[in-house]
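**Q** Starting off with a structure, shown below.
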Amino acid sequence: MHGRAGREQDEGKVIIQTYNPESFPIECAKDQDYLKFYSQEIKLRKILKYPPFCDIIKVEVSSLNEENTRKTITSIYEKLLKQAEKEMMVFAPMPSPISKIKNRYRWRIIIKGFIGNNIIKKLNEATLNIKTNQDTRVSIDINPNNMN
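Every letter in the sequence shown is one number past the one before it in my numbering, and letter 27, counting from 1, is 59.
Pasting the structure below:
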């Protein structure tokens with residue numbers, strides 16, 4: 033590889049640790065074929081309705097008590113389903129990929145659609161007046177940087 037921090041004439045060395053060295057992104061990175069990666073990735077994102085072809089909203093509930101977490105996220109989900117429109121894909125609640133951080137249980141709902149005033153209004157209605165205890169937190173992240 034070439035082009036490290038002003039030493040473009042010097043060879044660089046990159047070490048990648050992976051369980052899947054033959055994966056498409058790793059192969060493209062190894063070959064420095066950014067156009068091939070982009071072409072494939074943008075097609076996949078369009079088919080799966082990922083950004084930039086839609087917005088993703090993550091509604092997350094966390095609490096010190098797992099049952100409170102589950103009840104709160106289920107309540108929000110049921111409200112969202114009642115008001116969901118065809119432009120919203122609301123996925124069932126599930127534990128977050130990292131389901132517990134600092135003794136807080138974490139569950140989430142993923143929503144796909146185009147963010148507009150209508151969807152924001154529905155999110156506000158679904159999360160407003162949710163019965164929680166003091167340690168329960170509800171957060172809404174539009175187009176999150178990570179899905180953990």
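A virtual CB, placed ideally from N, CA and C, is assigned to each residue, including glycine.
The model shown is predicted, which means the values in this text are computed figures rather than measured ones.
So residue 139 and residue 105 are in contact, right, with Cβ under 8 Å, and what is the actual spacing, rounded?
**A** By one-based count along the sequence shown, residue 139 stands at place 107. By one-based count along the sequence shown, residue 105 stands at place 73. Right, their Cβ atoms sit about 4 Å apart.
**Q** Excluding the five sequence neighbours on either side, which residues of its own chain have a C-beta within less than 7 Å of the C-beta of residue 136, listed in chain order?
**A** On the sequence shown, residue 136 is found 104 positions in, with the first residue counted as 1. The residues are 94, 95 and 96.
**Q** Which one of 131, 133, 144 and 176 has the shortest CA to CA distance from residue 80?
**A** The count along the sequence shown starts at 1 and reaches residue 80 at position 48. With distances taken between Cα atoms, residue 80 lies closest to 144.
**Q** So, helix, strand or coil for residue 110, using DSSP?
**A** Here residue 110 corresponds to residue number 78 of the sequence shown, with the count starting at 1. Helix.
**Q** Tell me where the alpha helix (DSSP H) around residue 74 begins and ends.
**A** Reading the sequence shown from its first residue, position 42 is the one you call residue 74. Element bounds for residue 74: 66-80.
**Q** Could you give the uninterrupted runs of the alpha helix (DSSP H) lying entirely in the segment 143-175, keeping only those of 4 residues or more?
**A** Entirely contained in the segment 143-175, the alpha helix (DSSP H) runs reaching 4 residues are, in chain order, 149-159.
**Q** Please state whether the Cβ-Cβ distance between residue 47 and residue 58 is less than 8 Å.
**A** Reading the sequence shown from its first residue, position 15 is the one you call residue 47. Reading the sequence shown from its first residue, position 26 is the one you call residue 58. No.
**Q** Using CA coordinates, which residue listed in 134, 132, 107 and 131 is at the minimum distance from residue 124?
**A** As a first step, residue 124 must be located in the sequence shown, where it is residue number 92. Residue 107 is the option with its Cα nearest to residue 124.
**Q** Among 154, 146 and 131, which one has its Cα closest to the Cα of residue 116?
**A** Taking the sequence shown and counting its residues from 1, the one referred to as residue 116 is at position 84. Answer by Cα proximity: 154.
**Q** Where does residue 43 sit, in a helix, a strand or coil, going by DSSP?
**A** For the purposes of this step, residue 43 is taken as residue 11 along the sequence shown, with counting starting at 1. Residue state, collapsed to three classes: coil.
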